[in-house]
Amino acid sequence: MKATEVLADGFGRVREVVHEVVEGLSAEELNARLDPEANSITWLVWHLTRVQDDHLADAAGTEQVWSSGGWADRFALDLPVDATGYGHGPQEVSAVRVDSGELLLGYHDAVHERTLSHLRGLAAADLDGVVDDRWDPPVTLAVRLVSVLSDDLQHAGQAAFVRGAVQRR
Numbered sequence: 001m002k003a004t005e006v007l008a009d010g011f012g013r014v015r016e017v018v019h020e021v022v023e024g025l026s027a028e029e030l031n032a033r034l035d036p037e038a039n040s041i042t043w044l045v046w047h048l049t050r051v052q053d054d055h056l057a058d059a060a061g062t063e064q065v066w067s068s069g070g071w072a073d074r075f076a077l078d079l080p081v082d083a084t085g086y087g088h089g090p091q092e093v094s095a096v097r098v099d100s101g102e103l104l105l106g107y108h109d110a111v112h113e114r115t116l117s118h119l120r121g122l123a124a125a126d127l128d129g130v131v132d133d134r135w136d137p138p139v140t141l142a143v144r145l146v147s148v149l150s151d152d153l154q155h156a157g158q159a160a161f162v163r164g165a166v167q168r169r
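Taking the working numbering, I'd label the letters of the sequence shown as residues 1 to 169.
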């Protein structure tokens, strides 16, 4: 199995968890926070998708699905258009709300498809290419992809935990 196929499988697992978490929930459940400082399912799924979109577009030198696909307009968040969730406090978290899970899943699926498209176009040698030289050692594409995958899986798991807690209320 090629490394890009392993990565595609990993991102597919993120997509599966995102769908399991979001499907069947009301807007109230998606936007619920366990306490005023906690992240909602909406924020967690939006954030993990924004990070994946942002980081992969940067590495590939393409425009983000967020802007090119009109998702920023559809979400109409009261946040800077380039926000990904990094550094968000409770006030910014509360600004990320949806009226249904369809919006979250639509954006996530669009980013997932773009991710798979990027992965399909990579050769093994591409994974060794440096995508960020602000770090020591510089970050290769392989390291960036694993970093995004790790972050996504953590946030998807957090969203699954929140779903369980919200449904037990």
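For every residue, glycine included, the Cβ atom is placed at its ideal position computed from N, Cα and C.
| Asked | Found |
| --- | --- |
| Taking the alpha carbon of Thr27 as the reference point, which residue from Trp135, Leu105 and Gly89 has its own alpha carbon closest? | The question names Thr, but residue 27 is Ala in the sequence shown. Closest option to Ala27, Cα to Cα, is Leu105. |
| Looking at the strands, I want to know which residues DSSP matches up with Val130. | Thr140 |
| Quick one: residues in its chain with C-beta nearer than 7 Å to the C-beta of Phe75, no 5 flanking neighbours on either side, listed in chain order? | Leu103 |
| Please list, in chain order, all residues of the same chain as Asp99 whose beta carbon is under 6 Å from its beta carbon, the five residues on each side excluded. | Ala27 |
| Quick check on the DSSP output: the alpha helix (DSSP H) that includes Ala95 runs from which residue to which? | Pro90 to Ala95 |
| Rounded to whole angstroms, how far is the Cβ of Leu44 from the Cβ of Ala159, which I believe are closer than 8 Å? | 4 Å |
| Between the beta-carbon of Val166 and the beta-carbon of Glu29, is there less than 7 Å? | yes |
| Ignore the nearest five residues each way along the sequence and tell me which others in His118's own chain have a CB closer than 7 Å to its CB. | Leu56 and Ala60 |
| Is the beta carbon of Thr84 sitting closer than 7 Å to the one on Val51? | yes |
| Hey, out of Val146, Gly12 and Leu77, whose CA is closest to His108's CA? | Gly12 |
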